[in-house]
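Student: Below is a structure I'd like to ask you about.
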Ligand code: AMP
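Numbering (my numbering), first residue to last: 1 to 547.
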């Protein structure tokens, strides 16, 4: 028997329409490229999104067309998110930190018709321009006074909006209509596109706050350091208006002192981003001897949050939650709020629980499989490749059947490439990226576990463990570290520090000090680049003729 309820399509624009009505006091504070701090309510944002939709219509943008954005976190980028999807077109966010070759590939592959660019990213666009598709329209996200002289023929965003009406007849789109496109940072081969829909985006926006409850409070302020140009800023441009929170947008300056100043001045309660960013903020907190006023909650994701970092923030009264997810999952898959029984648990137990990658969000299913694709129990012990299924997970890559075939299993689950265990409460422990595991003598060693242990050594500021070839063991782990100060402890000293947590054979065979570690376009340590830069490396045991 069919239920007798209405079926209204889930539309992204309805989030902003709701916020404009229900949360008139909330809005967006933006540290802009122009150097000022701009404020507008969600009502004003909705009106500007309407003006933008009219302007894009005037440029010939129609349903299904792709509109590219190369921009930092700010109100104009939010306007693009809502206007482009609201009119039935697709907002293609582009990561400016990708290589020139990758940028040219994805702009052509996406078939962008318009490219909307923050003024300070114009030098990047100028470098690409001769090789960009003909007919691509360029819009600079600024006013006339700040238009770069180097962009003849480019349109000025504020001028485009100025003459347009502040209301738009947002079409009643089917909820499966494509709304956004984001390419993975693709360490090997071409980046692959995740094509989100209105339905997946709205469901993601509903799924996250009901579980990540520590972060969402109507009237409070939330700061996405995670960029809008990648993985939808973890959905915060949707969840914040939905929950009545004001978005504080940091623009291009993401260093510790800049973030501290902005958070302190604006009273940011919750801040979301990758561990690298929180290491920078922590250094500033230590320098100032205090946390920014009002700061109480942090969500860390994108790569494993080191235990020392969790401890340092918790010790200063900031609640830390770890989240795990991927571009292909809209992106959030877990939340880091502990079950109530941890309220009275000893500190060490609470911290240990926070070191895992969080618990499964409502709406997602997890499956871990062994090398023969056999599902493994969720007992916290069995380890295998993690597959996911749910309304917020891609069903294939945008116009890429080959990558789609490689990623999906016969039952339609998506293979994450992460090696993990899941416990009976849905708690996920990411052991490694499948390609980053160290396989020694047929046994595997988690590089994440080794890195976490090494980072708790006071002389190590940052580190990465990479697998190096060994004729007998196949691979052996090598620790590459950046020193915190002048001290350079020996391999034996660091091994002794790590020893309580590992079997002897799991400890790194060598310690290599470097000035800095390479990072990917999304701010994670790039093990691929690191491995490439260590092309001639030989393990100590094999040196002196044996190699
Ligand atoms: P991206 O698509 O750029 O968001 O990268 C997704 C990948 O980042 C995942 O497949 C994981 O390997 C890694 N990742 C994200 N969050 C975490 C986390 N909390 N712990 C460990 N790895 C993570």
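Think of the CB as a built atom: it goes at the ideal place given N, C-alpha and C, for glycine as much as any other residue.
(1) Just tell me which of 134, 126, 162 has its CA closest to the CA of residue 143.
(2) If you measure from the beta carbon of residue 68 to each beta carbon in chain C, is any gap under 8 angstroms?
(3) Would you say the beta carbon of residue 549 comes nearer than 7 angstroms to a heavy atom of the ligand AMP?
(4) Report buried or exposed for residue 327, applying the criterion of at least 16 other Cβ atoms within 10 angstroms of its Cβ.
(5) Compute the minimum distance between the beta carbon of residue 417 and the heavy atoms of the ligand AMP, and state whether it is under 7 angstroms.
(6) How big is the Cα-Cα spacing for residue 59 and residue 341?
(7) Starting from the Cα of residue 469, find the closest Cα among 536, 350, 335 and give me that residue.
(8) Have a look at 524, 475, 494 and flag the residue whose alpha-carbon is nearest the alpha-carbon of residue 541.
(9) Which whole-angstrom value describes the C-beta separation of residue 90 and residue 179, a residue pair presumed to lie in contact below a C-beta threshold of 8 angstroms?
(10) Decide yes or no for the touch test of the stretch 351 to 371 against the stretch 238 to 245: beta carbon pairs closer than 8 angstroms, at least 3 of them.
(11) My output table needs one value for residue 430: the three-state DSSP class, helix, strand or coil.
(12) Since residue 392 contacts residue 203 with CB under 8 angstroms, what's their CB separation in whole angstroms?
(13) So, residue 168 versus residue 50, is the Cβ gap smaller than 8 angstroms?
(14) Can you find the residues in the same chain that come closer than 7 angstroms, C-beta to C-beta, to residue 164, ignoring five residues on each side of it along the sequence?
(15) I'd like to know whether the C-beta atoms of residue 520 and residue 185 end up nearer to each other than 8 angstroms.
(16) Using DSSP with H/G/I as helix, E/B as strand and the rest coil, what is residue 57?
(17) Quick one: does the C-beta of residue 433 sit closer than 7 angstroms to a heavy atom of the ligand AMP?
(18) Return yes when the Cβ of residue 95 is within less than 8 angstroms of the Cβ of residue 522, no when it is not.
(19) For residue 293, which residues in the same chain have their Cβ closer than 7 angstroms to its Cβ, ignoring the five residues on either side in sequence?
(20) In the stretch 134 to 197, which residue ranges form an unbroken beta strand (DSSP E) of at least 3 residues, counting only runs that do not cross its ends?
(21) Just list the beta strand (DSSP E) runs in the stretch 80 to 142, keeping only unbroken ones of 3 residues or longer that don't cross its boundaries, in chain order.
(22) Determine, using beta carbons only, whether residue 414 and residue 431 come nearer to each other than 8 angstroms.
(23) When the Cα atoms are used, what is the spatial distance from residue 112 to residue 229?
(24) Between which two residues does the alpha helix (DSSP H) holding residue 273 run?
(25) Starting from residue 308, trace the beta strand (DSSP E) both ways and give me its first and last residue.
(26) Just tell me which of 480, 395, 242 has its CA closest to the CA of residue 207.
(27) Assuming the contact rule is C-beta atoms closer than 8 angstroms, residue 290 and residue 356 should be a hit. Round their C-beta distance to whole Å, please.
(28) Count the other C-beta atoms from every protein chain shown that fall within 10 angstroms of the C-beta of residue 492, then say buried if there are 16 or more, exposed otherwise.
Tutor: Checking against the coordinates, here is how it stands:
(1) 162
(2) Of the protein chains in this structure there is only one, and it is not chain C.
(3) One cannot answer for residue 549 here, as it falls past the ends of the chain, which runs 1 to 547.
(4) buried
(5) yes
(6) 56 angstroms
(7) 536
(8) 475
(9) 6 angstroms
(10) no
(11) strand
(12) 6 angstroms
(13) yes
(14) 51, 54, 55
(15) yes
(16) helix
(17) yes
(18) yes
(19) 264, 267
(20) 137 to 140, 178 to 183, 193 to 197
(21) 90 to 93, 112 to 117, 137 to 140
(22) no
(23) 15 angstroms
(24) Segment 270 to 273 is the beta strand (DSSP E) holding residue 273; no alpha helix (DSSP H) there.
(25) Here residue 308 belongs to no beta strand (DSSP E); instead the alpha helix (DSSP H) covers 307 to 315.
(26) 242
(27) Between residue 356 and residue 290 the Cβ distance is about 29 angstroms, and since that is not below 8 angstroms, they are no contact.
(28) exposed
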